[in-house]
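In the working numbering, the protein residues as written are 6 to 393.
These notes concern the structure reproduced below.
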Ligand code: GLU
């Protein structure tokens with residue numbers, strides 16, 4: 006891999022889409038795999054390459070974008086520290102390698118981000134954290150808070166505690182789950198290939214790049230073929246599984262070549278890649294999910310003023326709620342019904358039922374004396390509310 010330090014040249018052969026989903030996205034998750042980040046012969050970080058990626062990240066931030074990074078590399082780095090030979094690792098060797106390597110990985114990011122006076126934040130996740138509801142809500146809130154503090158979350162699987170039965174194993178799907186969790190509008194998988202090809206381009210000279218995918222049809226899934234171990238550590242199969250998760254969450258995804266300096270600047274310039282384009286926005290996808298897949302645990306009866314506020318796209322405030330029925334926890338789904346008993350919306354409630362009962366009918370300046378703490382102003386935030 007070469008690392009020219011000159012600014013990115015404009016390549017006139019590049020044919021950008023009329024709207025580049027990467028440059029127009031507000032919240033972007035970038036997935037960096039071990040194959041790109043770690044020099045396989047020395048098991049060391051390609052620091053100069055990482056520098057160019059983080060320079061691109063800084064440019065994205067100057068463009069008003071929020072960035073989260075999902076980075077592998079802990080195990081590859083740690084096995085060197087522990088002096089383990091190449092080849093498959095036993096579970097305890099893998100866990101120990103991850104523990105030793107993760108500290109180096111975090112340090113490499115911290116060092117590069119500090120050049121730009123930026124802070125990094127390490128977040129280690131397991132499948133449990135993205136699937137178990139309460140944990141999911143906590144991780145989601147933490148990631149959003151970190152973005153609010155203007156630091157860059159650098160996320161990896163917590164390979165020190167995961168086991169073969171319970172792990173993502175590849176960071177492609179982890180990155181897609183993170184993108185769905187934070188309602189990112191773009192996910193970029195940096196790869197060692199330009200994108201998805203109709204067949205393996207290293208074997209079939211007739212293989213062509215697929216520029217756009219709108220649905221994960223069997224035909225598209227078949228294009229991953231046997232390429233799993235050929236193209237990159239996660240392979241094309243896990244990338245397409247990530248695309249399935251992303252599209253369902255309304256998140257646009259790109260598979261693009263990352264083994265060049267400034268890969269994100271190249272993507273911004275419209276270099277060839279595969280775009281996976283969803284039919285709904287992240288917020289709409291989330292609302293479809295709230296409306297359809299969650300089992301409501303209780304209901305809120307609201308007055309006519311609140312009905313009007315919801316129709317106008319506002320959040321549901323406690324002052325517009327006349328009664329609370331059921332036992333539920335913060336983050337559970339609840340029904341929203343009119344005075345006549347018609348269900349008009351479903352949403353994720355910001356308070357458990359005991360606290361909700363204390364604050365209904367009241368204004369936010371009274372919450373602290375009623376609850377003993379200052380909670381959210383809304384009972385259901387409009388992003389967590391699906392009108393039926
Ligand atoms: N999470 C693993 C690591 O940091 C790698 C998973 C992957 O390669 O996608 O080493």
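All C-beta atoms in this analysis are idealised placements derived from N, C-alpha and C, irrespective of residue type, glycine included.
Taking the C-beta atoms as reference points, residue 86 is found no nearer than 7 Å to residue 65. Non-local beta-carbon contacts of residue 52 in its own chain, meaning distances under 7 Å to residues more than five positions away in sequence, involve 113 in chain order. Take the alpha-carbon of residue 251 and the one of residue 257: they are about 7 Å apart. Annotation: the region 83-120 contains the following complete segments of the alpha helix (DSSP H) (minimum length 4 residues), in chain order: 96-119. The beta carbon of residue 176 sits closer than 6 Å to at least one heavy atom of the ligand GLU. In this structure residue 389 touches residue 353 by the C-beta definition: roughly 4 Å separates them, less than 8 Å. Following the DSSP letters along the chain, one finds residue 312 inside the alpha helix (DSSP H) bounded by residues 309-316. Cα atoms of residue 124 and residue 115: separation of roughly 7 Å, rounded to the nearest angstrom. Residue 141 and residue 211 have their C-alpha atoms spaced approximately 44 Å apart. Approximately 4 Å separates the beta-carbon atoms of residue 184 and residue 192; this is inside 8 Å, confirming the contact. In the same chain as residue 357, and ignoring 5 residues on each side of it, the C-beta atoms closer than 7 Å to its own belong to 333, 334 and 335, in chain order.
If you compare the alpha carbons of 81, 148 and 24 with that of residue 34, the shortest gap goes to 148. Beta-bridge analysis with DSSP links residue 44 to 49. At a cut-off of 6 Å, the beta-carbon of residue 79 counts as near the ligand GLU: some heavy atom of the ligand is closer than that. With respect to the 7 Å criterion, residue 372 and residue 385 are not classified as neighbours on the basis of their beta carbons. Taking a 10 Å sphere around the C-beta of residue 208, we find fewer than 16 other C-beta atoms and assign the residue as exposed. For residue 390, the enclosing beta strand (DSSP E) has its first and last residue at 390-392. A contact is defined here as three or more CB-CB pairs under 8 Å, and the region 63-82 fails this definition with respect to the region 218-232.
The region 296-314 makes contact with the region 336-345, as at least three CB pairs between them are under 8 Å. Distances from the alpha-carbon of residue 177 to those of 216, 213, 168 and 132 put 132 closest.
Cβ neighbours of residue 369 within its own chain (closer than 6 Å, five residues either side excluded): 382. For residue 39, the secondary structure class from DSSP, reduced to helix, strand or coil, is helix. If you look at residue 161, you'll find it in the beta strand (DSSP E) that goes 157-162.
Counting only residues of its own chain and dropping the five nearest sequence neighbours on each side, residue 50 has a CB closer than 8 Å to the CB of 42, 43, 44, 78, 82, 109, 110 and 113. Unbroken beta strand (DSSP E) runs of no fewer than 3 residues, entirely contained in the region 256-330, are found at 257-262, 279-281, 303-307 and 326-330, following chain order. Counting only runs of 4 or more residues that sit fully inside the region 181-231, the alpha helix (DSSP H) segments are 223-228, in chain order. Within the model, the alpha-carbon separation for residue 219 versus residue 351 is close to 29 Å. Taking each of 30, 367, 361 and 197 in turn and checking the Cα distance to residue 264, the smallest one comes out for 197. Sixteen is the threshold: since fewer than 16 other Cβ atoms of the shown chains lie within 10 Å of the Cβ of residue 31, the residue is exposed.
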